[in-house]
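Numbering (the numbering used here), first residue to last: 5 to 230.
Glycine is no exception: its CB is placed at the ideal position from the N, C-alpha and C atoms.
These notes are about the structure you will find just below.
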Ligand SMILES: *Cc1c(COP(=O)(O)O)cnc(C)c1O
């Protein structure tokens with residue numbers, strides 16, 4: 005089941021790369037395994053997936069300790085400061101940094117763990133009130149600067165979630181504005197390389213718009229059982 009779904013996802017990514025004149029190797033496919041059992045993670049791992057994404061600190065902690073394979077874990081959910089310690093311990097990337105308070109705590113915990121934590125800033129590109137992430141450009145620049153100067157953080161990218169719609173124009177707008185924001189920040193001296201955007205509903209468009217990290221759950225694992 006997962007094998008067939010993954011094949012379809014890979015074919016669609018390859019086709020989108022072709023349309024956009026991009027290389028598949030520029031893109032990291034993150035299998036979003038939230039709510040999925042360990043067996044599903046292992047099955048995907050055996051099929052060659054090395055990157056997995058979780059959105060709950062406790063579930064990530066549990067899976068990272070129980071699953072012994074050499075997995076690169078990504079934390080993609082909203083993060084509270086009291087859960088930072090557990091997340092820093094096991095995450096290669098934290099995609100959802102949206103405040104100086106949170107960045108400060110991650111920096112502190114990364115220092116204690118003796119690591120440099122790779123982080124992405126979560127940006128609200130859709131304007132939806134229900135979505136997390138920063139919208140104000142001054143705040144974004146201030147947070148980017150904080151991460152760069154903190155000492156134990158490596159600001160690698162920007163992350164966004166598009167609204168759940170089929171309207172291509174809306175999706176391209178969200179992804180395109182994230183790409184433009186990255187370019188703008190880099191013109192100001194930052195060195196941001198990653199664009200974490202694209203989920204089951206919209207990953208082909210995200211590839212066309214420059215995504216370097218796709219966060220795909222349902223299209224790989226099937227629907228989630230809560
Ligand atoms: C659940 C989730 C995804 C994956 O969603 P699908 O629609 O199942 O692909 C991606 N990003 C974030 C932040 C998520 O919470």
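**Item:** Backbone CA spacing between residue 112 and residue 19 [nearest angstrom]
**Value:** Taking the first residue of the chain shown as 1, we reach residue 112 at position 108. Taking the first residue of the chain shown as 1, we reach residue 19 at position 15. Going from the Cα of residue 112 to the Cα of residue 19 covers about 42 Å.
**Distance, residue 225 Cα to residue 33 Cα** = Residue 33 sits at position 29 when you count from the first residue of the chain shown. Residue 225 sits at position 221 when you count from the first residue of the chain shown. Approximately 13 Å, taken between the alpha carbons.
**Request:** Locate the beta strand (DSSP E) running through residue 123, then write down its first and last residues.
**Result:** Counting from one through the chain shown, the residue named residue 123 turns up at place 119. First-last of the beta strand (DSSP E) with residue 123: 121-127.
**Request:** From the DSSP output, in three-state form, read off residue 213 for me.
**Result:** Your numbering for residue 213 matches position 209 in the chain shown. Here residue 213 sits in coil by DSSP.
**Asked** Can you pull the DSSP bridge partners for residue 36?
**Response** Counted from its first residue, the chain shown places residue 36 at position 32. 57.
**Message:** Quick check on the DSSP output: what are the complete alpha helix (DSSP H) runs of length 4 or more inside the region 64-150, in order along the chain?
**Reply:** 88-94, 104-117
**Prompt:** Between which two residues does the alpha helix (DSSP H) harbouring residue 12 extend?
**Reply:** In the chain shown, residue 12 corresponds to position 8, counting from 1. Residues 6-24.
**Message:** For residue 30, report the span of its alpha helix (DSSP H) as first-last.
**Reply:** Numbered from 1 along the chain shown, position 26 holds the residue referred to as residue 30. Run containing residue 30: none; DSSP gives neither H nor E here.
**Item:** Cβ separation of residue 58 and residue 6, assumed to be a contact under 8 Å, to the nearest whole Å
**Value:** Reading the chain shown from its first residue, position 54 is the one you call residue 58. Reading the chain shown from its first residue, position 2 is the one you call residue 6. The pair is not a contact, with the Cβ atoms about 17 Å apart (cut-off 8 Å).
**Item:** CB contact flag (residue 189, residue 154, <7 Å)
**Value:** The count along the chain shown starts at 1 and reaches residue 189 at position 185. The count along the chain shown starts at 1 and reaches residue 154 at position 150. Against a cut-off of 7 Å, the Cβ pair of residue 154 and residue 189 comes out as no contact.
**Message:** Could you give the first and the last residue of the continuous alpha helix (DSSP H) run that contains residue 51?
**Reply:** Numbered from its first residue, the chain shown carries residue 51 at position 47. Unbroken run through residue 51: none, as it is neither H nor E.
**residue 36 CB to nearest heavy atom of ligand 1 below 6 Å** = If you number the chain shown from 1, residue 36 lands on position 32. Under cutoff, so the answer is yes.
**Message:** Rounding to the nearest angstrom, what Cα-Cα distance links residue 12 and residue 208 in this structure?
**Reply:** Residue 12 sits at position 8 when you count from the first residue of the chain shown. Residue 208 sits at position 204 when you count from the first residue of the chain shown. Looking at the two C-alpha atoms, the distance is approximately 12 Å.
**Message:** For residue 94, which residues in the same chain have their Cβ closer than 6 Å to its Cβ, ignoring the five residues on either side in sequence?
**Reply:** Residue numbering aside, residue 94 sits at position 90 when the chain shown is read from its first letter. 68, 77.
**Message:** Let me check one thing: in DSSP terms, what residues is residue 161 bridge-paired to?
**Reply:** Taking the chain shown and counting its residues from 1, the one referred to as residue 161 is at position 157. The partner list for residue 161 (beta bridge, DSSP) reads 124, 198.
**Message:** Just to confirm before moving on: does the CB-CB distance between residue 215 and residue 202 stay below 7 Å?
**Reply:** Position 211 of the chain shown, counted from the first residue, corresponds to residue 215. Position 198 of the chain shown, counted from the first residue, corresponds to residue 202. The answer is yes: Cβ separation under 7 Å.
**Prompt:** Any chance the CB of residue 203 is under 6 Å from a heavy atom of ligand 1?
**Reply:** One-based indexing of the chain shown puts residue 203 at position 199. Checking every heavy atom of ligand 1 against the Cβ of residue 203, one is found closer than 6 Å.
**Request:** Report all residues from its chain with a CB closer than 7 Å to the CB of residue 30; omit the five preceding and five following residues, and keep chain order.
**Result:** Counted from its first residue, the chain shown places residue 30 at position 26. So the qualifying residues of the chain are 216.
**Request:** Just grab the DSSP bridge partners of residue 218 for me.
**Result:** Residue mapping note: residue 218 aligns to position 214 of the chain shown, counting from 1. DSSP, once it has assigned bridges, lists 33 as partnering residue 218.
**Asked** How should residue 137 be labelled, buried or exposed, when 16 other C-beta atoms within 10 angstroms of its C-beta is the threshold for buried?
**Response** Residue mapping note: residue 137 aligns to position 133 of the chain shown, counting from 1. Flag for residue 137 reads buried.
**Prompt:** Exposed or buried, which one is residue 3 when buried takes at least 16 other CB atoms within 10 Å?
**Reply:** Only positions 5 to 230 of the chain appear in the structure, and residue 3 is not among them; the question remains open.
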